[in-house]
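S.K.: Here it is: the structure, laid out below.
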Amino acid sequence: MKDAEFDPQPGPEAGLSPIALEITGMTCAGCAGRVERALSAAPGVASATVNLALERAEVRPDPDRPAPASALAASVRDAGFGVRERTALLDVSGMTCAGCAGRVERALIAAPGVLSAEVNLALEQARVAYLPGATDAAALAGAATAAGYPATPAREGAAPAAPDRDEAARERTELALAALLTAPFVVQMIAMQVDPALRMPGWLEPLLAAPVLFWFGRRFFRGAWNALRARTANMDTLVALGATASFLFSLVMLLGHSGAGSGAGAPHLYFEAAAVIVTLVLAGKALEARAKRAASAALRELMALAPATARVMRGGQEVDVPIAEVAVGDMVVLRPGERAPVDGVVARGESEFDESLVTGEPMPVPRLKGDRVIAGAVNGTGAVRIRAERIGADTTLARIAAMVAGAQTGKAPVQRLVDRIAAVFVPAVLVFAALTLAGWLAAGQGLDAAFAAAVSVLVIACPCALGLATPTALVAGTGAAAKAGVLIKDIEALERAAHVDLVAFDKTGTLTRGKPEVAEVAVFEGDEAGLDERGLIALAAAAQAGSEHPLGRAMVEAAGEAPRAEATGFRAVVGEGVEATVSGATVRIGRRGFAAPDAGADLLARAETLQAAGRTVVWVAREGRPLGLIALTDAIRDDAAEAVAALKSRGIATLMMTGDAAPAAEAVAARLGIDEVRAGMTPEGKAQAVAELTASGRRVAMVGDGINDAPALAAAELGVAMGGGADVAMETAGVALMRPKAMLVAAAFDIARATERKIRQNLFWAFAWNAVCLPVAAAGLLNPAVAGAAMALSSVSVVSNALLLTRWTPEETR
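Structure follows, in structure tokens:
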């Protein structure tokens, strides 16, 4: 099939335009056939054609009931294949409640080629997954704007745009002026409690209330109009309708009263309700915005760490260039007090670096030649040069920011229920207000009392509190965790972390420092080659020269400068050992079953003696003949025992899974107080064990740091990658610790549970507030002005409660 036949651009009739999908995982014609059959059988599909060479599928929707892109992608995934997608991040303005966020979400999902959309009211951002070529960020922003909410594309991993200072100053000024015009009404309300005749002239009230309502409150009319254009209603609708009804009702009553004065015969006016409602809701919005900015401050601080320029060596000269022009391999010059613009390795000089804002490590860390430096770290007193290894979006700082932003713009499962409720909340309130008005009139209580009760119902209803309950807690919690060096990748990981009841630890590099040293060498007697201990270490170092495993590096370091032969054909067998050809002979180093499966009972006894001392023992064999044993020790992390005790105090059981032999593993576990030990495990065995524990009903978190831990990290309900570990472990895990501190494992569960508690607290109070206040307002027990104050207070209380999470710190720093 020709490329031209796969035109992903929507035609004049978007619903009838072919939809192109890029398929992953197809390896043969049979695969293409399965994808084609899956798509053809999907509801809303007229026909489907798959091209294996192009790895693309063209779907022609049924004109009567066209299938959305998300349904097509689901069909492909159900068939066992993948669909390539891209992600766009949008900054969205004008949203005032959960209903607004829901409308933006629906508008984005309805756009051609969109697979999913999640809108975060607290951050005022939307994350959209879409099919490549079907749309782009600009078109998606246009879809949100067309729905009444101006949107612009945002940079992936970027913090929400900081508010314009001039705009913020203008809003503060307008709030102050609105409060000044409203103050006489407040004074009057207090005075009338003493003497009902103490009120200002009737003609003065509309003059004071009109500017507050129609000028300072114009944002509510603008939002209500946008909602009306979209044939829906939102919080602005309630405020604008309630305040306007109060003003117009009072104006009619005032003009219809011949005296228009303030005596005993004057009608009851509600101009003060219109002014007070608008002023208090504006004040609540200002406090709410301030709190939301504070909640997302951690992400802003992270993004602010990246310098805009870098000083690099070009042609022997130091040249300042934009950060986008720095290339891998460039030599970057850092002077004292400057931030590192890239991830790199110290090539010249030595210094101390402050990494606190990136990793949460409170003390500066020394960096010598050959040590790694991360972007955003502040250089101390030394002048250094670092060789750039990761730039731009690949730096640790950028990856951290992207992970935090991704988690914060996600949506908790409970929020989806809230969204469904919010979609009908405002229309339900409008109906409830109409019924309240009709009920009071039917009861013969008079228009004045009926009107007051109906307006109170309108203005006390608070969809904002519902919409902000979850996202503000999520933003505050993940931001606080990031500042402490705990990166939570997504909302699903956060939710899973809150319910873990068993933590499975890898040993080496997780509970231990990951820097083993050779403690003892045993050469088997009678070896025809006559190797001594020094010769055995030299042979092992030759075979391990190409290894990145901590045990292999320890053997190379132990050999020092001793002469050794060159090795060829190096091969690492994950979880077993290494093999190489040294001086024409095959040398194997690792487990007994891998290196020396035919070792006799006397040799096994010697190995067990070394293992009983808590040491890791590896076998060295040449051409299948065992030559000796190398025993290594790896110091336990200082906080490992404390971390295990902290987990137990939280009701979380502990398990250690390691490739070490049982005696060495049990010795370490006994020192740390770990509940259960599983030794001699391969990477696949660890993953299988995690799967079996999960199947038995346990909520398992796996903590590891190496490549061999990746399968178990992926199999666990929650993977936790220890700081300083392999990149693949960091990518696989749902939680990444930026420092190699075992106590951060407990901290991750603490912040997850604290965030979940805040979400539940916020949702309880948001629902309870409306459940209690709406009937009270309908019963006529609230003045409309007081109802307006209550509405403003509800949103502020929910956001302020979530903001308490920003004070969270790990137990180790308290």
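So the working numbering is basically just the index in the sequence shown, starting at one, shifted up by 1. Quick reminder that beta carbons are idealized off the backbone N, C-alpha and C, glycines included.
Hey, residue 344 and residue 391 are a contact pair by Cβ (cut 8 Å); roughly how many whole angstroms apart?
M.R.: Yes, they are in contact, since the Cβ atoms of residue 344 and residue 391 sit about 4 Å apart, within 8 Å.
S.K.: Can you tell me where the beta strand (DSSP E) holding residue 507 begins and where it ends?
M.R.: First-last of the beta strand (DSSP E) with residue 507: 503 to 507.
S.K.: Does the distance from the C-beta atom of residue 800 to that of residue 469 stay below 7 Å?
M.R.: It is a contact, given that the beta carbons lie within the stated cut-off.
S.K.: Assign residue 582 to one of three DSSP states: helix, strand, or coil.
M.R.: Looking at residue 582 - three-state DSSP - the assignment turns out to be strand.
S.K.: Please state whether DSSP places residue 574 in a helix, a strand or coil.
M.R.: In this structure, residue 574 counts as strand in the three-state DSSP scheme.
S.K.: Figure out for me which residue from 313, 612 and 471 has the closest Cα to the Cα of residue 522.
M.R.: It is 612.
S.K.: Does the distance from the CB of residue 154 to the CB of residue 138 come in under 7 Å?
M.R.: Contact: yes.
S.K.: Are the Cβ atoms of residue 543 and residue 559 separated by less than 7 Å?
M.R.: Their beta carbons are not under 7 Å apart, which means residue 543 does not touch residue 559 by this criterion.
S.K.: How about the region 763 to 779 and the region 498 to 515: do they share at least three Cβ pairs that are nearer than 8 Å?
M.R.: Segments in contact, no.
S.K.: Measure the Cβ-Cβ separation of residue 74 and residue 116 and say whether it is below 7 Å.
M.R.: Yes, these two residues count as a Cβ contact at 7 Å.
S.K.: Return the chain-ordered list of same chain residues with a C-beta closer than 8 Å to the C-beta of residue 582, the five sequence neighbours on each side being excluded.
M.R.: If we look at residue 582 and ignore the five residues flanking it on each side, its Cβ neighbours are 568, 569, 570 and 588.
S.K.: Considering only the beta carbon of each residue, do residue 630 and residue 618 sit closer than 7 Å?
M.R.: Yes, the pair counts as a contact, with Cβ atoms nearer than the cut-off.
S.K.: Could you tell me the alpha carbon to alpha carbon distance between residue 699 and residue 322, rounded to whole angstroms?
M.R.: Roughly 53 Å between the two C-alpha positions.
S.K.: Please report the straight-line C-alpha distance between residue 471 and residue 98, rounded to a whole angstrom.
M.R.: Taking the straight line joining both Cα atoms gives about 12 Å.
S.K.: Could you please give the first and the last residue of the uninterrupted beta strand (DSSP E) stretch that includes residue 205?
M.R.: Run containing residue 205: none in the beta strand (DSSP E); it sits in the alpha helix (DSSP H), 205 to 212.
S.K.: Restricting to Cα atoms, I'd like to know which of 401, 441, 450 and 515 is closest to residue 486.
M.R.: Answer by Cα proximity: 401.
S.K.: Roughly how many angstroms separate the alpha carbons of residue 277 and residue 809, rounded to a whole number?
M.R.: Between residue 277 and residue 809, the C-alpha separation is close to 36 Å.
S.K.: What does DSSP give as the partner residues of residue 567 in its beta bridges?
M.R.: Residue 567 pairs with nothing; no bridge assigned.
S.K.: What do you get for residue 100, buried or exposed, if any count of 16 or more other CB atoms within 10 angstroms of its CB means buried?
M.R.: The residue in question, residue 100, is buried, as its Cβ has 16 or more Cβ neighbours within 10 Å.
S.K.: Kindly list the residues whose CB is nearer than 7 Å to the CB of residue 33, restricted to its own chain and excluding five residues on each side of it in sequence; keep chain order.
M.R.: Contacts found: 27, 51 and 53.
S.K.: Relative to the C-alpha of residue 127, which residue among 325, 150, 398 and 134 is closest?
M.R.: Answer by Cα proximity: 150.
S.K.: Looking at the secondary structure, which residues open and close the beta strand (DSSP E) in which residue 703 lies?
M.R.: Element bounds for residue 703: 701 to 705.
S.K.: Can you tell me which of the three DSSP states residue 189 falls into?
M.R.: Three-state DSSP puts residue 189 in a helix.
S.K.: Given that a residue counts as buried once 16 or more other Cβ atoms are within 10 Å of its Cβ, and exposed if not, what is residue 317?
M.R.: The residue is exposed, with fewer than 16 neighbouring Cβ atoms inside 10 Å.
S.K.: Got a sec? Which residues, its chain only, sit under 6 Å from residue 353 by beta carbon, not counting five neighbours each side?
M.R.: Correct list, in chain order: 365, 367 and 381.
S.K.: Which residues does DSSP list as the beta-bridge partners of residue 154?
M.R.: Residue 154 pairs with 91.
S.K.: Residue 719 and residue 432 - do their beta-carbons sit closer together than 7 Å?
M.R.: No. Outside cutoff.
S.K.: May I ask you to report which of helix, strand or coil DSSP gives residue 685?
M.R.: The answer is helix: DSSP assigns residue 685 an H, G or I state.
S.K.: Relative to the C-alpha of residue 687, which residue among 666, 676 and 717 is closest?
M.R.: Checking every option, the nearest Cα to that of residue 687 belongs to 717.
S.K.: Give the single residue among 516, 394, 466 and 658 whose Cα lies nearest to the Cα of residue 504.
M.R.: Closest option to residue 504, Cα to Cα, is 658.
S.K.: Between the C-alpha atoms of residue 749 and residue 356, what's the straight-line distance to the nearest angstrom?
M.R.: Looking at the two C-alpha atoms, the distance is approximately 19 Å.
S.K.: Pop quiz: residue 825 and residue 626 are said to be a contact at Cβ under 8 Å. What is the actual Cβ separation, rounded to whole angstroms?
M.R.: No information on residue 825 is available, as it lies outside the stretch 2 to 815 that the chain covers here.
S.K.: Using 7 Å as the threshold, is the C-beta distance between residue 563 and residue 596 below it?
M.R.: Going by C-beta atoms, residue 563 is not nearer than 7 Å to residue 596.
S.K.: Consult DSSP for residue 612 and reduce its assignment to one of helix, strand or coil.
M.R.: Helix.
S.K.: Would you grab the beta carbon distance between residue 62 and residue 46 for me? Rounded to a whole angstrom, and I think it's under 8 Å.
M.R.: Rounded, the Cβ-Cβ distance is 6 Å, consistent with contact.
S.K.: Relative to the alpha-carbon of residue 271, which residue among 324, 122, 451 and 427 has its alpha-carbon at the smallest distance?
M.R.: Answer by Cα proximity: 451.
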